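Structure first, commentary second.
Protein chains in written order, with this note's numbering: chain W, 224 to 312; chain V, 3 to 515.
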């Protein structure tokens, strides 16, 4: 599942922040902050996308690099959130 | 000389922490020693008084050290933003003909690309991550410059010498290098510290790039008052920033409206922001709703609305106790600055409405190697020997001397506090095959204040997507200049001379004066 999230989120990033430039390759682990792929306003767009796409909600306190600063971190956050929702249901 | 700003902090207490960058902490004595070593090394590599040294560095301790090292030699530092692309960097390199370039991991590829297009750069220094691994015959690792060896160089030069060139988007579409002397910087820093009242107990959190004069001056303000600078690479994670404020007991937070918009989305009541003493804002007016939100959430924090332009750094500030009464004003001139408004006939007045005109020892020496552009903004005053800076901003100054920004007189857009010349963006759009017309203007945006909008007309034989246009722009323009919105139109209204008529600039949101 994490891989599916990662490829869906990557497609969003390539389309919206790299404007479809698939030549600009970035790895699952690379820091958005360090590479500059996403800036502060881009981060808000990414969070809004993930919230809407997966029906989850990301709180202020979860807006930290450990959850959001790479493709892997974001997809793992989504997986954890969905697992928590599934466990409650 | 600006080296004396660091030395005055060091003379208060050399063992105090002057700089915090991530996990690294530096005392005043560390910074003096490092800047002396780097100055001696750069001098050994051939950097001399008056030479330009281009800094392609994100916020880092190396950037801080090298700025003071370059100043010590009497050379001129040229800070470059971290999202600059190779074609524009090449243009700046050919404009200021530097002898040295210092670049970090993120900017090295851009610098390498730009360096293939220009000659004359003798010294290339690699800083930041992987600097040693990436060092080649062309690139010397920054760490090699910090090794102590030769005796420190004496500080070279006088305060009339240039300390910095800061490039800003010009209405012509080409970047212009604002020439700032050591005296310009020192006098501006002294006047600003005069109203912010920084002391050795202050801790300034700087999340703004050092390539942007507002971010850069935090260095000078902190060090000249013996305060501490907490330098962050960027503002991205508001929660992490709030935790940093609590952990480092930050007292001062310089902002631009985009930051304030992101900051005020947070639930500030759950954070320990008791150490904060003041928040400053400049670059563009802070929307009144954000001022009110900040005042409610942080009643103990002073909010200082300020106004300035790179050409003189800062002009005015509103005393924080007046912000509730006059939230739309940027106050009075700071110490040692005089302002006027010029009416359509060029007559100067101390009150009324017109182009803001500034006089002060903080006013730049001109634009680098651009006497005509310089003559357009620096003009003689009414008395012999006077030089006046014409700001390009229309202001109203009321009978009590309070200043109100009204609009730009040209079509320059302010996005994230930085100038965007529509012409510069249009020039890039016209490079796309099939574009027959391009017009760039500002539109209101909740977060950015003003966002860049491009309208394009195309040759009938061409199809082009918004994404392809943005991809082209992102490869050439700095991030803050890349349009947020692209609209395709059939044709444009044209002026009598056949030029495309731009949409009139949009007022920033919530600026009802």
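The beta-carbon is built from N, C-alpha and C at its ideal position, and this holds for glycine as well. Remember, it's a predicted structure, so these values are computed and weren't measured experimentally.
Contacts that residue i makes with chain W (C-beta to C-beta distance below 9 Å)
i	result
residue 449/V	263, 264 and 267
residue 105/V	Within chain W, no residue comes near residue 105/V; the closest Cβ sits about 14 Å away, beyond 9 Å.
residue 476/V	240, 241, 242 and 244
Residues that residue i contacts on chain W, provided the C-beta gap is smaller than 7 Å
i	result
residue 3/V	Chain W residues near residue 3/V: none, gap ~34 Å exceeds 7 Å.
residue 237/V	263
Interface partners of residue i on chain V, CB under 7 Å
i	result
residue 259/W	84, 85 and 108
residue 284/W	241
Integer-rounded CB distance, given that residue j should sit under 8 Å from residue i
i	j	result
residue 55/V	residue 104/V	7 Å
residue 194/V	residue 336/V	7 Å
residue 115/V	residue 88/V	4 Å
residue 62/V	residue 98/V	Wrong, their Cβ atoms sit about 22 Å apart, outside the cutoff.
residue 159/V	residue 51/V	6 Å
residue 332/V	residue 360/V	About 13 Å separates the two Cβ atoms, so there is no contact after all.
residue 436/V	residue 460/V	5 Å
residue 147/V	residue 127/V	7 Å
residue 434/V	residue 188/V	Actually they do not touch by this definition, with Cβ atoms about 45 Å apart.
Backbone CA spacing between residue i and residue j [nearest angstrom]
i	j	result
residue 25/V	residue 303/W	29 Å
residue 242/V	residue 287/W	6 Å
residue 249/W	residue 118/V	25 Å
residue 32/V	residue 285/V	32 Å
residue 280/V	residue 199/V	10 Å
residue 413/V	residue 173/V	8 Å
residue 513/V	residue 334/V	Low local confidence applies: a pLDDT of 42 at residue 513/V is under 50, so the model's placement there is unreliable, and no value is given.
residue 293/W	residue 247/V	24 Å
residue 420/V	residue 482/V	8 Å
residue 135/V	residue 145/V	11 Å
residue 478/V	residue 83/V	13 Å
residue 515/V	residue 190/V	The predicted position of residue 515/V is uncertain, since its pLDDT is 36 and thus under 50; no value can be drawn from it.
residue 10/V	residue 92/V	37 Å
residue 123/V	residue 100/V	6 Å
residue 206/V	residue 223/V	9 Å
residue 42/V	residue 57/V	17 Å
residue 408/V	residue 390/V	20 Å
residue 322/V	residue 218/V	23 Å
residue 511/V	residue 298/V	Its pLDDT being 46, under 50, residue 511/V is placed unreliably by the model, and nothing is read from it.
residue 289/V	residue 153/V	52 Å
residue 16/V	residue 229/V	12 Å
Chain W contact residues for residue i, given Cβ-Cβ distances below 8 Å
i	result
residue 473/V	241, 242, 243 and 244
residue 264/V	263, 264 and 267
residue 269/V	283
residue 481/V	259 and 262
residue 469/V	238, 242 and 243
Classification of residue i by the beta-carbon crowding that lies within 10 angstroms, buried from 16 upward
i	result
residue 197/V	buried
residue 44/V	buried
residue 347/V	exposed
residue 503/V	exposed
residue 326/V	exposed
residue 156/V	exposed
residue 139/V	exposed
residue 48/V	exposed
residue 241/W	buried
residue 387/V	exposed
residue 232/V	buried
residue 480/V	buried
residue 230/W	exposed
residue 418/V	buried
Contact set between residue i and chain V, taken where Cβ atoms lie within less than 8 Å
i	result
residue 287/W	239, 241 and 242
Beta-carbon proximity check, residue i vs residue j, cutoff 9 Å
i	j	result
residue 491/V	residue 458/V	yes
residue 464/V	residue 475/V	no
residue 225/W	residue 275/W	no
residue 184/V	residue 161/V	yes
residue 262/W	residue 240/V	no
residue 357/V	residue 400/V	no
residue 425/V	residue 175/V	yes
residue 398/V	residue 368/V	no
residue 266/W	residue 291/W	yes
residue 95/V	residue 81/V	no
Cross-chain neighbours of residue i in chain V, by beta carbon under 9 Å
i	result
residue 256/W	235, 236, 238 and 239
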